[in-house]
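Chemist:
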DNA sequence: AGATTTGTCAAACGTGTGCTTGAATACTCG
DNA sequence: CGAGTATTCAAGCACACGTTTGACAAATCT
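Residue numbers (our numbering), protein chains in the order written: chain A, -9 to 193; chain Y, -9 to 193.
1. Taking DSSP as the reference, what is the three-state secondary structure of residue 161 of chain A?
2. Check the Cβ of residue 183 of chain A against every Cβ in chain Y and list those closer than 9 Å, keeping chain order.
3. Using DSSP with H/G/I as helix, E/B as strand and the rest coil, what is residue 14 of chain A?
4. Can you give me the C-alpha to C-alpha distance between residue 111 of chain A and residue 103 of chain A, rounded to a whole angstrom?
5. Could you check whether the stretch 167 to 179 of chain Y touches the stretch 70 to 89 of chain Y, counting it as contact only if at least three pairs of C-beta atoms, one from each stretch, sit closer than 8 Å?
6. Ordered along the chain, which non-local residues of its own chain (more than five positions away) have a Cβ less than 7 Å from that of residue 16 of chain A?
7. Are the C-beta atoms of residue 10 of chain Y and some chain A residue less than 8 Å apart?
8. If you reduce the DSSP assignment to three classes, tell me which class residue 73 of chain Y lands in.
9. Under a three-way DSSP split, which group does residue 81 of chain Y fall into?
10. Taking the Cβ atom as the reference point for each residue, do residue 148 of chain Y and residue 190 of chain Y lie within a distance shorter than 8 Å?
11. Under the three-state reduction of DSSP, which class applies to residue 180 of chain A: helix, strand or coil?
12. Hey, residue 46 of chain A and residue 1 of chain A are a contact pair by Cβ (cut 8 Å); roughly how many whole angstroms apart?
13. Could you check if residue 60 of chain Y is buried or exposed, using at least 16 other CB atoms within 10 Å of its CB as the buried criterion?
14. Which residues in the same chain as residue 65 of chain A place their Cβ atom closer than 8 Å to its Cβ, once the five residues preceding and following it in sequence are excluded?
15. Would residue 106 of chain A be called buried (16 or more neighbouring beta carbons within 10 Å of its own) or exposed?
16. Strictly below 8 Å CB to CB, what residues from chain A border residue 156 of chain Y?
17. At 7 Å on the CB atoms, spell out the chain Y contacts of residue 35 of chain A, in chain order.
18. What does the alpha-carbon distance come out to for the pair residue 109 of chain Y and residue 161 of chain A?
19. Counting only beta-carbon separations shorter than 8 Å, does residue 148 of chain A have a partner in chain Y?
20. Going by Cα to Cα distance, which pick from Y:171, Y:122, Y:-4, Y:134 is closest to residue 63 of chain Y?
21. Secondary structure at residue 107 of chain A, three-state DSSP: helix, strand or coil?
22. Looking at chain A, which residues of the stretch 78 to 91 of chain Y have a Cβ within less than 7 Å of any of its Cβ atoms?
23. Report back the beta-carbon spacing between residue 24 of chain A and residue 119 of chain A to the nearest angstrom; my notes put them in contact at under 8 Å.
24. Grab the span of the alpha helix (DSSP H) containing residue 122 of chain A for me, first residue to last.
25. Using only the alpha-carbon positions, how far apart do residue 14 of chain Y and residue 41 of chain Y sit?
26. Which chain Y residues sit within Cβ distance under 7 Å of residue 66 of chain A?
27. Hey, residue 152 of chain Y and residue 153 of chain A: beta-carbon distance below 8 Å or not?
28. State the Cα-Cα distance for the pair residue -3 of chain Y and residue 51 of chain Y, rounded to the nearest angstrom.
29. Just checking my contact of residue 155 of chain Y with residue 91 of chain Y at CB under 8 Å: how many whole Å lie between their CB atoms?
30. Can you grab the Cα-Cα spacing for the pair residue 32 of chain Y / residue 39 of chain Y, in whole Å?
31. Mind listing the chain Y neighbours of residue 179 of chain A? Cutoff is C-beta to C-beta under 7 Å, in chain order.
32. List the residues of chain A whose Cβ lies closer than 7 Å to the Cβ of residue 163 of chain Y, in chain order.
33. Locate the alpha helix (DSSP H) running through residue 59 of chain A, then write down its first and last residues.
34. Among the residues of its own chain, which have a CB less than 7 Å from the CB of residue 70 of chain Y, if the five just before and after it don't count?
35. Measure the beta-carbon distance from residue 88 of chain A to residue 159 of chain A and round it to whole angstroms, keeping in mind my assumption that it falls under 8 Å.
36. With a 10 Å radius around its C-beta and 16 neighbouring C-beta atoms as the bar for buried, classify residue 127 of chain Y as buried or exposed.
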């Protein structure tokens, strides 16, 4: 029949539902119903539910990583800390302001994967996002205090990512969406700029 | 027989395992085995697995909230931002440096509950932690820029808590424990101080 | 066209899970 | 002690889930 079409719909449904509900609360039949497919289609196209999930997640992360890299590299060479933070956090803003947009779904999946709310894919997350994270460091190097060691800068980047993921997962007890996209962006960028640009504490 | 003893052991085992593995991956039989009790003991003492979980979590949050309040109120009136942050983040440091200590377990449970990794207890989390969060604001008011609105201060506090919860959940891809407790504390306090003390972004 | 491969479907299977049962055992107190 | 209550236990039930099956249809190939 439609051939690869069923496969595609299964991946898409899996992504949407994974972003929405996470892995634990998600049954095969929910995915296949959403994709208008038979349960057996999962075994046929992917082997198992777990394999479908893995492929759906890896694909999502690859797209996300590539978008972050592209966006950051498009920034002018003299971009400020706030410029970098604004560009970097765009998928996070999408996740809360437009959760069902493609960027929103990608960021929400990333949040779930990074917090172990889905399979054993945490390592995949790190591996796939590594290029994006490298570009961030490269960009930050030009705009933060020079007396910051590489290690310290990396630590701060990870804290910033942690905050991103927490917010993208919609765990803030604040209805940011109701405040509008611009205000949400301002908050996220402000917090991240604080983490990255703060005065180093004496060791 | 031991009477309330089995009940106590069930709560304790549930807490330890909840902190360790979360709700979804946790079976009744794992809990009862760890507590050296029969499965039926859960129905008998609590009604259901869900009720046991709810009671275990609420109890843990109450203890945590009370400790945070006590610790913050013990601070001198002229405590600095770094002092407040250091005291506030103590359970988080415990979670990563001594995960099996009581404080560590409490903080890890809080992290799981706040990120919906356990039942529908997110609202309970907010309600029970509210007094602690109020004390934080009160303390911060004395040490952060005065031109920060109440709302902005609250937003920043929530971001700080978000970072706390992310780190307490051990989601940072960094082996902080291996670096020692003091270093872990320095990182967490630095990041949180950055969030709270950063220059406000123009609206 | 016939044969082969590719894809779909309804139905069923096996397993792991939370929960219940009914008998057995330990306490409590008159 | 002895009646009554509280607690424990092994066994089993019911249900939801991922997976498999075998028949069937569509597409592709020669």
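Note that CB positions come from ideal geometry on N, CA and C, so glycine has one too.
Modeler: According to the structure shown:
1. coil
2. 184, 188, 189, 191
3. coil
4. 6 Å
5. yes
6. 7, 8
7. no
8. helix
9. helix
10. no
11. helix
12. 5 Å
13. exposed
14. 73, 74, 77, 129
15. buried
16. 105, 152, 153, 155, 156
17. Residues of chain Y passing the Cβ test: none, with the nearest at roughly 25 Å.
18. 14 Å
19. yes
20. Y:122
21. coil
22. none
23. The Cβ separation is near 27 Å, so there is no contact.
24. 112 to 131
25. 15 Å
26. Those do not exist, as residue 66 of chain A stays about 20 Å from chain Y at its closest Cβ, beyond 7 Å.
27. yes
28. 18 Å
29. So it is not a contact: roughly 18 Å between Cβ atoms.
30. 7 Å
31. 191
32. 116, 148
33. 39 to 63
34. 133
35. Contact flag wrong, Cβ pair sits at about 15 Å.
36. exposed
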